[in-house]
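Trainee: Take this structure first; my questions come after.
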Amino acid sequence: MELTVVVQNLGNGGLRSGSGDPEERWPQLVERIRSAGAADLVLLQEAVD
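Below you can see the structure in the form of structure tokens.
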């Protein structure tokens, strides 16, 4: 069996830009996740430095 896994770092919950400014990033994140096609697993992580 072959699985398709999508992993996306949200970085500040998708609500802030990389510099910390408020920004609604969810539409772009959803578009990126959907572009992977039919995924069996979608893993969302929030790792910031």
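For reference, each letter of the sequence shown is one residue, going 89 to 137 in my numbering.
Cβ coordinates follow ideal geometry from the N, Cα and C atoms, glycine included.
All of these numbers come straight from a predicted model, not from anything done at the bench.
1) In terms of DSSP beta bridges, what is R104 paired with?
2) Are T92 and A135 touching if we call contact CB-CB under 8 Å?
3) Excluding the five sequence neighbours on either side, which residues of its own chain have a C-beta within less than 8 Å of the C-beta of L117, listed in chain order?
4) What span of residues does the beta strand (DSSP E) with L131 cover, start to end?
5) Measuring straight from C-alpha to C-alpha, what distance separates V130 and D109?
Mentor: By the coordinates alone:
1) BP columns for R104 point to P110.
2) No, Cβ-Cβ distance for T92 and A135 is not below 8 Å.
3) Once the five neighbours on either side are set aside, the close Cβ partners of L117 are Q96, L98 and G102.
4) Start and end: L129 to Q133.
5) Approximately 26 Å, taken between the alpha carbons.
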